[in-house]
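Note that the working numbering has the sequence shown beginning at 300, numbered continuously upward. Report on one structure; see the data block that follows.
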Amino acid sequence: MEQKKLDFNSIIGFILIFGILIWIMYQNQPTPKEIAAEKAKKEQVEKAKAAKAQEVKVAQVTKNPVIGDSLQIAQLKSTLGNFAYSATLPSAQESFTTLENNLVKIKIANKGGYIVEAVLKNFESFKKGSGQLVTLIKNNNSDLNISLLTQDNRTLQTKNLFFEPTLSKVGENQILSMRLKAGENEFLEYKYVLKPNDYMLDFDIRSQGLNKVLNTSKDLDLEWNLKSIRNEKGIAYENRYAEVYFEYEDEKINYVGQGQDKEENAEKVSFIAFKQHFFSSILLTSKPFDKAKMVSNNLVHDETVDTVYTKQFKANVPLTFNNGEIDYKMNWYFGPTDYNTLNSYDKNIEKIISLGWGIFGWINKFIFIPLFGFLSSYIAYGIAIIVFTIIIKIAMSPITYKSFLSQAKMKVLRPEIAELGEKFKKDAMKKQQETMKLYNKAGVNPMAGCIPALIQLPFMYASFQFFPSAFELRQKSFLWADDLSSFDEIVKLPLHIPLYGNHISLFPILAAIAIFFYMKMTSGDQQMAAPQQEGMPDMGKIMKIMIYVSPIMMLFFFNSYGAGLSLYNFISNLITIGIMVVIKKYVVDENKIHLQIQENKLKEPKAEGKFQRKMREMMEQAEEQKKIQKKK
300 MEQKKLDFNS IIGFILIFGI LIWIMYQNQP TPKEIAAEKA KKEQVEKAKA AKAQEVKVAQ
360 VTKNPVIGDS LQIAQLKSTL GNFAYSATLP SAQESFTTLE NNLVKIKIAN KGGYIVEAVL
420 KNFESFKKGS GQLVTLIKNN NSDLNISLLT QDNRTLQTKN LFFEPTLSKV GENQILSMRL
480 KAGENEFLEY KYVLKPNDYM LDFDIRSQGL NKVLNTSKDL DLEWNLKSIR NEKGIAYENR
540 YAEVYFEYED EKINYVGQGQ DKEENAEKVS FIAFKQHFFS SILLTSKPFD KAKMVSNNLV
600 HDETVDTVYT KQFKANVPLT FNNGEIDYKM NWYFGPTDYN TLNSYDKNIE KIISLGWGIF
660 GWINKFIFIP LFGFLSSYIA YGIAIIVFTI IIKIAMSPIT YKSFLSQAKM KVLRPEIAEL
720 GEKFKKDAMK KQQETMKLYN KAGVNPMAGC IPALIQLPFM YASFQFFPSA FELRQKSFLW
780 ADDLSSFDEI VKLPLHIPLY GNHISLFPIL AAIAIFFYMK MTSGDQQMAA PQQEGMPDMG
840 KIMKIMIYVS PIMMLFFFNS YGAGLSLYNF ISNLITIGIM VVIKKYVVDE NKIHLQIQEN
900 KLKEPKAEGK FQRKMREMME QAEEQKKIQK KK
């Protein structure tokens, strides 16, 4: 039998395989950075476990403290250190104190010392007529917690500890002091002050004598959480306007944004607003927080299933020690996201209402809000929207007239422009130059029709910001719409259509019809006024497509929007159609325009405008480039 021998090639193969294995193992080794990251992650997990265990232990020993029971007190001291003092007081029990005026009802718990219920007494939830009031905080959807690091390295959470309440009254102001005690004169205090006829509470956090108990070399970490409760008929629509806003660095305003795990960090933060569509919870501070971390998470993934909450909001801020003590003068606002109400506090919080940037915001702030506020104080809200729209459209009518006049002039010149197109059909550049000369000679500006349309655009965009933010429209009915701030459902569908919804709203249908006829009327004039240019898209075909696409977009886009905005668009397009008919039949005379243009041609041509001169120079340069390329 032949013996198997290990030849030289096999030895080399084994060496190579061994070398490859060593190289793979080396390459797969974690880097020092990865090792450090993994170690930090493990430490973080261990700390979280330890903190959770501590919370459980604290909860167990503070659940039913027995005053005078030496064993129980010893157990409390071993867990809570000096703060075991609070757990032995009569107030160490599940109990609540209520502050109430004619606008809000606030309930504060002994355990944690924070607000566990905030009810707005003058507003009903989306179930109109049910008597169910708008509630911003209830059923443990919100908490406020401060992490206390003691000098003997204990980490205690205030939300698990019992505060001692003391309720008093000064004049008509209700004052509630909640003290977490480490001794008779050593405590952390939350002080709430509710004034009559006010949505805003004074809220102070201060400490006394805790510099001997707490580690004051590190800031205290304050965390505020709130899971926003649905209060409107359309949860998806409400959720679109639910965001975290904040003011930072001397009156700059920003927001966190929509989606999952959206986060923003800022410095010198003076207020944090957990804004729902029409109601907000706002924490303000006179001494800005050095920094803040705000987080927002969307909770509406399927509007047919997720029907209770809209967003999960979270804010983390440091409380800095001053001479070994904490002292912050703050405020809580629980109330409507109404521009006039927020603006009355003169604390910049009205800026959490999105009115648009730049000119759009100015139009809303200085025209739309005052005008609509004036009208709605005298007449019903639906009628106010109609009158408001009429006033805006009449104010815009001179601009509309100029636009139609420009279109009429272009329409009169169309035959001559067509002749130039035929004459210079092989020389596009020459055709453009001659066309510009014709415009100049006839005294017609081809851009005159575009400028009026551009002037109207800011007003149109401003309306898209104004009506969804108009708190006045909430639960105000008009015709078949029972709530102008929500969709005007006339038919409930048996299924949910993607992008459309599970209902049919009538005002968007009326607005879509009005847009269809408006575009039908204007597209014909535009096609006749603007001849087809060689090498350019066929605008006629594009306009024909848009005649049908725009109304369909209106149907889908506005079906779940507030009825007030759809009503505005419907009336706006109706009025525009009416103005167009009047201008065409009784104001703009094409025969007179034709005579005027012929007279202009006999006059000396006007000096070129900046736009015409620029266009001519560009065309001449392009022509020169074309000639140079041909020579090459």
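Cβ coordinates follow ideal geometry from the N, Cα and C atoms, glycine included.
Residue i versus the options, residue with shortest Cα-Cα distance
| i | options | result |
| --- | --- | --- |
| Ile571 | Trp523, Lys561, Glu602 and Ile789 | Trp523 |
| Leu866 | Gly877, Gly681, Ile814 and Ser768 | Gly681 |
| Met853 | Asn401, Phe763, Lys791 and Trp656 | Phe763 |
| Met695 | Ile878, Phe815, Asn596 and Tyr860 | Ile878 |
| Gln611 | Asp589, Pro617, Ser580 and Val686 | Ser580 |
| Glu715 | Phe703, Thr699, Met735 and Ile698 | Met735 |
| Ala417 | Leu402, Glu423, Val880 and Thr434 | Thr434 |
| Gly655 | Asn596, Asn553 and Ala717 | Asn553 |
| Val415 | Ser424, Asn439 and Lys701 | Asn439 |
| Gly482 | Leu379, Leu475, Tyr677 and Phe806 | Leu379 |
| Pro617 | Val403, Lys843, Leu447 and Leu402 | Leu447 |
| Gly634 | Lys551, His576 and Gln450 | His576 |
| Ala811 | Ser849, Leu778 and Gly412 | Ser849 |
| Met424 | Lys511, Ile528 and Asn484 | Residue identity differs from the one stated: residue 424 is Ser in this sequence, not Met. Checked all of Lys511, Ile528 and Asn484; the closest Cα to Ser424 is Ile528. |
| Phe573 | Pro587, Phe588, Asp560 and Val555 | Val555 |
| Gly411 | Glu488, Leu704 and Ile698 | Glu488 |
| His795 | Lys468, Val604 and Pro587 | Val604 |
| Arg773 | Ile690, Phe578 and Lys592 | Phe578 |
| Met629 | Lys883, Leu582 and Asp520 | Leu582 |
| Pro389 | Asn409, Val403, Leu402 and Lys404 | Asn409 |
| Tyr885 | Ile405, Tyr677, Tyr700 and Asn858 | Tyr700 |
Range covered by the beta strand (DSSP E) that runs through residue i
| i | result |
| --- | --- |
| Ser580 | Phe578 to Asn597 |
| Thr609 | Tyr608 to Leu618 |
| Pro464 | Glu463 to Val469 |
| Arg505 | Met499 to Gln507 |
| Arg478 | Asn472 to Lys480 |
| Thr397 | Phe395 to Glu399 |
| Ala408 | Val403 to Ala408 |
| Trp523 | Leu519 to Ile528 |
| Trp631 | Asp626 to Pro635 |
| Ile662 | Note, Ile662: premise wrong, no beta strand (DSSP E); alpha helix (DSSP H) at Ile658 to Ile662. |
| Tyr554 | Lys551 to Tyr554 |
| Ser446 | Ser441 to Leu448 |
| Ala565 | Lys561 to Lys574 |
| Tyr544 | Glu542 to Tyr547 |
| Tyr491 | Phe486 to Leu493 |
| Ala417 | Ile414 to Glu423 |
| Val433 | Leu432 to Ile436 |
| Leu513 | Taken as a continuous stretch (DSSP letters only), Leu513 belongs to no beta strand (DSSP E), as it is neither H nor E. |
| Leu455 | Thr454 to Gln456 |
Rounded Cβ spacing between residue i and residue j (contact assumed at less than 8 angstroms)
| i | j | result |
| --- | --- | --- |
| Lys646 | Ser871 | 35 angstroms between Cβ atoms; not a contact. |
| Phe382 | Leu500 | Not a contact, Cβ separation roughly 25 angstroms. |
| Tyr632 | Tyr498 | 6 angstroms |
| Glu563 | Lys590 | That pair is no contact at about 11 angstroms. |
| Ser385 | Leu475 | Between Leu475 and Ser385 the Cβ distance is about 16 angstroms, and since that is not below 8 angstroms, they are no contact. |
| Lys532 | Tyr608 | Actually they are not in contact, since the Cβ atoms of Lys532 and Tyr608 sit about 16 angstroms apart, beyond 8 angstroms. |
| Val686 | Leu704 | Incorrect: roughly 28 angstroms between the Cβ atoms, too far for contact. |
| Thr688 | Ile876 | In fact, because the Cβ distance is near 13 angstroms, the residues do not count as touching under 8 angstroms. |
First through last residue of the alpha helix (DSSP H) which encompasses residue i
| i | result |
| --- | --- |
| Phe869 | Ala862 to Val881 |
| Ala535 | Ile534 to Arg539 |
| Leu641 | Tyr638 to Asn642 |
| Pro669 | Ile668 to Ser675 |
| Ala391 | Here Ala391 belongs to no alpha helix (DSSP H), and DSSP marks it neither H nor E. |
| Ala386 | Ala383 to Ala386 |
Below-7 angstroms beta-carbon distance, residue i vs any chain D residue
| i | result |
| --- | --- |
| Ile808 | Included in the structure is just one protein chain, with no chain D present. |
Cβ pair count under 8 angstroms reaching 3, the segment 453-471 against the segment 546-553: no
The segment 785-792 / the segment 754-765 touching (three or more Cβ pairs under 8 angstroms): no
Mind pulling the alpha helix (DSSP H) runs of 4 or more residues that sit fully within the segment 687-716? none
Can you confirm whether the segment 474-494 touches the segment 389-406 when touching is taken to mean that 3 or more C-beta pairs between the two stretches lie within less than 8 angstroms? yes
With three or more C-beta pairs closer than 8 angstroms as the rule, is the segment 622-641 touching the segment 507-516? yes
Would you call the segment 420-435 and the segment 599-606 in contact, with 3 or more CB pairs under 8 angstroms? no
Where in the segment 772-812 do unbroken runs of the alpha helix (DSSP H), each at least 4 residues long, occur, reported from the N-terminal end onward? none
Measuring CB atoms only, is the segment 448-459 touching the segment 528-543, in the sense that at least three cross pairs come out at less than 8 angstroms? no
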